[in-house]
Amino acid sequence: MCREFIFHLLQKCASLVQNVTNYFHTNSRHTLRGPNKILASTGFHGDVLTLTKLLENRVKTFRYDHGKDISTKALAGLLSVTLYNRRFFPFYVSNILAGLDDEGKGALYGYDPVGSYERIKYVASGSSGVILQPFLDSKNMKTNLPPLTKDAAVKLAHDIFISAAERDINCGDGVVICVITQSGVEEHRYPLRRD
Numbered sequence: 000m001c002r003e004f005i006f007h008l009l010q011k012c013a014s015l016v017q018n019v020t021n022y023f024h025t026n027s028r029h030t031l032r033g034p035n036k037i038l039a040s041t042g043f044h045g046d047v048l049t050l051t052k053l054l055e056n057r058v059k060t061f062r063y064d065h066g067k068d069i070s071t072k073a074l075a076g077l078l079s080v081t082l083y084n085r086r087f088f089p090f091y092v093s094n095i096l097a098g099l100d101d102e103g104k105g106a107l108y109g110y111d112p113v114g115s116y117e118r119i120k121y122v123a124s125g126s127s128g129v130i131l132q133p134f135l136d137s138k139n140m141k142t143n144l145p146p147l148t149k150d151a152a153v154k155l156a157h158d159i160f161i162s163a164a165e166r167d168i169n170c171g172d173g174v175v176i177c178v179i180t181q182s183g184v185e186e187h188r189y190p191l192r193r194d
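In this text, residue positions in the sequence shown follow numbering that gives the first Met the number 0: the first is 0, and each later residue adds one.
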């Protein structure tokens, strides 16, 4: 059971868009994955790829130097420093880092383009972020709701994205919903439109 499902779920529309032309509808936005963490990035695809390569190299160096995987909290700080180093010519990228903290609880971090970040309960970004955020706000304000099961949370996230895809032409043809647990990352892929 998870009280706030967005701790454990990370959903991203799968598309690469320029203006109104969708070039690639199955482009995954999960740019960096670990055993119990995922970084999802949206924005200018060239900057997303560059940032991902920088972080992958730094994560590999960390693993080599320390003999263990980087924690979610440490990766959050590393991403912040990496973005801040480019503050005068920032990456045109919006990032969400989701994972499990040292206590095994869900951790979600939201970033601005120059590296300021905070641990938050829920966040939406990308072209459909303005559609998704009010729904997340309304769901989180209701404190008397029974806890969601994992399957109910995945179904709810899928329904939210179906709604967003109907209203946003830049949202892709599918959604990848990742459930982060102690045993790893479960990935669920669903189509959003068929036209």
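Just so it is clear, CB atoms sit at the ideal spot from N, CA and C, and this is done for glycine as well.
Handout entry: Simplified DSSP assignment, three categories, for ALA75
Key = helix
Practice task
Taking SER40 as part of the beta strand (DSSP E), name the residues at either end of that continuous run.
Solution key: 36-42
Handout entry: Per-residue DSSP class, three states only, for ARG62
Key = helix
Exercise for the section: Enumerate in chain order the residues of its own chain whose CB-to-CB distance from GLY103 is below 7 angstroms, with the five nearest sequence positions on each side excluded. Expected result: GLN181
Practice task
Would you mind reading off the limits of the beta strand (DSSP E) that contains SER162?
Solution key: No beta strand (DSSP E) holds SER162; the alpha helix (DSSP H) holding it covers 149-166.
Exercise for the section: Would you tell me roughly how many angstroms separate the C-alpha atoms of TYR63 and SER162, rounded to the nearest one? Expected result: 44 angstroms
Handout entry: THR49 versus PHE160 - alpha carbon distance
Key = 28 angstroms
Problem - C-alpha distance - VAL47 paired with SER79, whole-angstrom precision - result: 15 angstroms
Problem - Three CB pairs or more closer than 8 angstroms across the region 66-73 and the region 144-152 - result: no
Practice task
Give the secondary structure of SER93 by DSSP, where H, G and I count as helix, E and B as strand, and everything else as coil.
Solution key: strand
Exercise for the section: Take the Cβ of PHE90 as the centre, count every other Cβ of all protein chains shown within 10 Å, and call the residue buried at 16 or more, exposed below. Expected result: buried
Problem - 8 angstroms Cβ cutoff met for LEU31 and LEU54 - result: yes
Exercise for the section: Measure the Cβ-Cβ separation of ASP100 and LYS120 and say whether it is below 8 angstroms. Expected result: no
Exercise for the section: Can you give me the Cβ contacts of ARG166 inside the same chain, cut-off strictly under 7 angstroms, excluding the 5 residues immediately before and after it? Expected result: ILE130
Exercise for the section: Please say whether ILE176 and GLY98 have beta carbons closer to each other than 8 angstroms? Expected result: no
Practice task
Measure the CB-CB distance between THR41 and SER115 and report whether it falls below 8 angstroms.
Solution key: no
Handout entry: Buried versus exposed, by CB contacts within 10 Å (16 or more), ASN56
Key = exposed
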